[in-house]
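In what follows, a single structure is set out as structure tokens and then discussed.
Protein chains: 2
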Amino acid sequence: MATTERWRVVLRELRDAIRSGEYQPGERLPTVDDLMERYSMTSRPAVQKVLAALASEGLVVTVHRRGSYVREYSPIDWHPGAFEHRTSRRDIEGAGQDAWAADVAAQGRVPRQEIVVETAPAPDSIAARLDLARGTEVAVRRRLRLVDDTPFQTADSYYPLWVAEGTPIMSPGDIAIPGGLMAAAGHPQVRFRDEIVVRMPDPDEQARLSLPPGTPVAEHTRTGFNSSKRPVRVIVTIAPGDRHRIIYEVSGQ
Amino acid sequence: MATTERWRVVLRELRDAIRSGEYQPGERLPTVDDLMERYSMTSRPAVQKVLAALASEGLVVTVHRRGSYVREYSPIDWHPGAFEHRTSRRDIEGAGQDAWAADVAAQGRVPRQEIVVETAPAPDSIAARLDLARGTEVAVRRRLRLVDDTPFQTADSYYPLWVAEGTPIMSPGDIAIPGGLMAAAGHPQVRFRDEIVVRMPDPDEQARLSLPPGTPVAEHTRTGFNSSKRPVRVIVTIAPGDRHRIIYEVSGQ
Numbered sequence: 001m002a003t004t005e006r007w008r009v010v011l012r013e014l015r016d017a018i019r020s021g022e023y024q025p026g027e028r029l030p031t032v033d034d035l036m037e038r039y040s041m042t043s044r045p046a047v048q049k050v051l052a053a054l055a056s057e058g059l060v061v062t063v064h065r066r067g068s069y070v071r072e073y074s075p076i077d078w079h080p081g082a083f084e085h086r087t088s089r090r091d092i093e094g095a096g097q098d099a100w101a102a103d104v105a106a107q108g109r110v111p112r113q114e115i116v117v118e119t120a121p122a123p124d125s126i127a128a129r130l131d132l133a134r135g136t137e138v139a140v141r142r143r144l145r146l147v148d149d150t151p152f153q154t155a156d157s158y159y160p161l162w163v164a165e166g167t168p169i170m171s172p173g174d175i176a177i178p179g180g181l182m183a184a185a186g187h188p189q190v191r192f193r194d195e196i197v198v199r200m201p202d203p204d205e206q207a208r209l210s211l212p213p214g215t216p217v218a219e220h221t222r223t224g225f226n227s228s229k230r231p232v233r234v235i236v237t238i239a240p241g242d243r244h245r246i247i248y249e250v251s252g253q
Numbered sequence: 001m002a003t004t005e006r007w008r009v010v011l012r013e014l015r016d017a018i019r020s021g022e023y024q025p026g027e028r029l030p031t032v033d034d035l036m037e038r039y040s041m042t043s044r045p046a047v048q049k050v051l052a053a054l055a056s057e058g059l060v061v062t063v064h065r066r067g068s069y070v071r072e073y074s075p076i077d078w079h080p081g082a083f084e085h086r087t088s089r090r091d092i093e094g095a096g097q098d099a100w101a102a103d104v105a106a107q108g109r110v111p112r113q114e115i116v117v118e119t120a121p122a123p124d125s126i127a128a129r130l131d132l133a134r135g136t137e138v139a140v141r142r143r144l145r146l147v148d149d150t151p152f153q154t155a156d157s158y159y160p161l162w163v164a165e166g167t168p169i170m171s172p173g174d175i176a177i178p179g180g181l182m183a184a185a186g187h188p189q190v191r192f193r194d195e196i197v198v199r200m201p202d203p204d205e206q207a208r209l210s211l212p213p214g215t216p217v218a219e220h221t222r223t224g225f226n227s228s229k230r231p232v233r234v235i236v237t238i239a240p241g242d243r244h245r246i247i248y249e250v251s252g253q
């Protein structure tokens, strides 16, 4: 079962060395010549095959003429199953902050958000989730979320106008309201349906999030329902794989 | 803000045509010559750039000398937040089946599992989650899960021996026990902690799941706790992005 081709053995050893932290994020790997010597390989193409495999696994990034580097990887834990509660809890650090920002700050990192508010026709997938006719205008809050000044995720929230109009939802900028925006708008949510699709980014996402080649993303779509079971908000979050660990706590009873 | 380079416009149009189903999964796209004519492009490299971008987004697969095909995409909805309950519910189709199989069958698809049971030293990440010393032997149930005879995911369950020994957990093959294996073993779980990491597959995973190049995976790690808050099981599932939509229902209260 186990193959013993030399390059596969070296691939496994280098992968383990990266995962165990022997080579640190951002560190340059030894040159091809050094790797040949260190791992007793006689074939240069075999070493290059190892490096190409590590790159395609997303563990290293190869920079033309400069070498191969261990990908920077200091992800945040993202708690979509919990974060909406936090703004209403006064006992934790960051209560009153935006919920995502509080989650990030609790991990000792520095959150920042760039927010644009507009009204626009709902994309079809959003209209369907909000029980709206195709092309209906909705309020949109588009967020670029940065951690330690690095773009970490985009999160665009869509609201039917019957929910958003005349409420703080339409206010531009980063507004923090204890209890959350939806409660302030008179539509507290009682249930979420989260859908996660894993895919490669499109070129716009790649640019907006400064993604190195070969970085997949989670497209996380949350539909929120009010106590009358009506959908009142959809958030689409694009979360790059190298910057997030997504955590759900599930009650088994 | 919007770029109007011709190839980007064509990329957007072709992407929309694929997402809307105008080009069906498995269908061959028009040839480069046909695309040049259809989209009034004069540059062959520009068309090739469009196709390369679609391939890197995972929307098309290019087969040497044969052309570009829309990637097959008939994913299942996977409900990690719900599936463990199903085997104990007698009112739904498939109760008594393995929980995952019941979930798949309820979607009109045909589930099948290849299962191997063994004892082996726990990988470090598993030992840590199970509160075991490094290298402690654990029971492992390794599953390759197929849908309509296509490999869809691998799911490897790890159990401390104090949980597994002398129970049906150690039985080989696909065992379906109403209420589930863990309850039968005397360790019903009351809480799960799920961690999802999005990454590119390693070559072994790529081979085991027959993944086309450029297909990212979700690595889904579930740790289950019993009523004494002790970890009693870890499942690591590798779910390719092109075969799954991961669904969580979250109570907002």
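Protein chains in written order, with UniProt numbering: chain A, 1 to 253; chain B, 1 to 253. We put the CB at the ideal spot given by N, CA and C, even for glycine. Note that this is a predicted model, so its numbers are computed, not measured.
- Looking at Ser-43(A), Gly-135(A), Leu-211(A) and Lys-229(A), the one whose alpha-carbon comes closest to that of Gly-58(A) is Leu-211(A).
- Comparing alpha carbon positions, the residue from Asp-149(B), Leu-146(B), Arg-129(B) and Ala-122(B) closest to Ala-139(B) is Ala-122(B).
- Look at Ser-227(A) here: in three-state DSSP terms it is coil, with no helix or strand label.
- Here the alpha carbon of Val-50(B) sits roughly 10 Å from the alpha carbon of Val-32(B).
- Looking at the DSSP output, Ser-157(A) bridges to Arg-141(A) and Ile-235(A).
- DSSP places Ser-68(B) in the strand class (E or B) of the three-state scheme.
- In the three-state reduction of the DSSP assignment, Arg-6(B) falls in the helix class.
- Where Ile-169(A) is concerned, there is no enclosing beta strand (DSSP E), because DSSP gives it neither an H nor an E.
- In the structure shown, Asp-77(B) adopts extended strand secondary structure according to DSSP, grouped into three states.
- Between Arg-129(A) and Asp-202(B), the gap from beta carbon to beta carbon reaches 9 Å or more.
- Not flagged as an interface residue toward chain A: Ala-128(B), since no C-beta distance is shorter than 9 Å.
- In this chain, the alpha helix (DSSP H) harbouring Arg-44(B) covers 44 to 56.
- Under the DSSP definition of a beta bridge, Val-147(A) partners with Pro-111(A) and Thr-150(A).
- Put simply, of Trp-162(B), Glu-37(B) and Thr-223(B) the residue whose alpha carbon is nearest the alpha carbon of Ser-125(B) is Thr-223(B).
- The beta carbons of Gly-179(B) and Pro-216(B) sit no closer together than 9 Å.
- Taking 9 Å as the threshold, the shortest C-beta distance from Phe-192(A) to chain B falls below it.
- Contact of Arg-28(B) with chain A is not assigned, every C-beta pair being separated by 9 Å or more.
- Minimum Cα-Cα distance from Ser-157(A) among the listed residues Ala-183(A), Val-116(A), His-187(A) and Ile-196(A) corresponds to Val-116(A).
- For Ile-196(B), no alpha helix (DSSP H) run applies; the uninterrupted beta strand (DSSP E) run containing it begins and ends at 189 to 199, by DSSP.
- Residue contact with chain A for Val-61(B): absent (no Cβ-Cβ distance below 9 Å to any residue of chain A).
- In this structure, Trp-100(A) and Arg-142(A) do not form a Cβ contact; the two beta carbons are roughly 14 Å apart against a cut-off of 8 Å.
- Around the beta carbon of Gln-107(A), fewer than 16 other beta carbons lie within 10 angstroms, which makes this residue exposed.
- Looking from the CA of Phe-192(B), the closest CA among Ile-247(B), Pro-151(B) and Val-234(B) belongs to Val-234(B).
- The C-beta distance from Gln-24(B) to Val-70(B) rounds to 6 Å, short enough to meet the 8 Å contact threshold.
- Straight-line measurement puts the Cα of Ile-76(B) at about 21 Å from the Cα of Ala-176(B).
- The beta carbon of Arg-109(B) does not come within 9 Å of any beta carbon belonging to chain A, so the residue lies off that interface.
- For Pro-121(A), the three-state secondary structure derived from DSSP is strand.
- Under the Cβ criterion of 9 Å, Glu-195(B) is counted among the residues facing chain A.
- Annotation for Glu-249(A): the continuous beta strand (DSSP E) segment containing it runs 244 to 251.
- In summary, Pro-80(A) is buried, with 16 or more beta-carbon neighbours lying within 10 Å of its beta-carbon over all protein chains present.
- Among the CB atoms of chain A, one or more fall inside 9 Å of the CB of Met-200(B).
- Relative to the Cα of Val-9(B), the nearest Cα in the group Ser-40(B), Ala-155(B) and Arg-134(B) belongs to Ser-40(B).
- Taking 9 Å as the threshold, the shortest C-beta distance from Gly-81(B) to chain A falls below it.
- Judged by their CB atoms, Gly-26(B) and Met-200(A) are not nearer to each other than the 9 Å cut-off.
- With respect to the C-alpha of Leu-209(B), the residue from Gly-135(B), Ile-18(B), Leu-132(B) and Thr-150(B) having the closest C-alpha is Thr-150(B).
- Below the 7 Å Cβ cutoff, chain A contributes Ala-53 as neighbours of Pro-203(B), in chain order.
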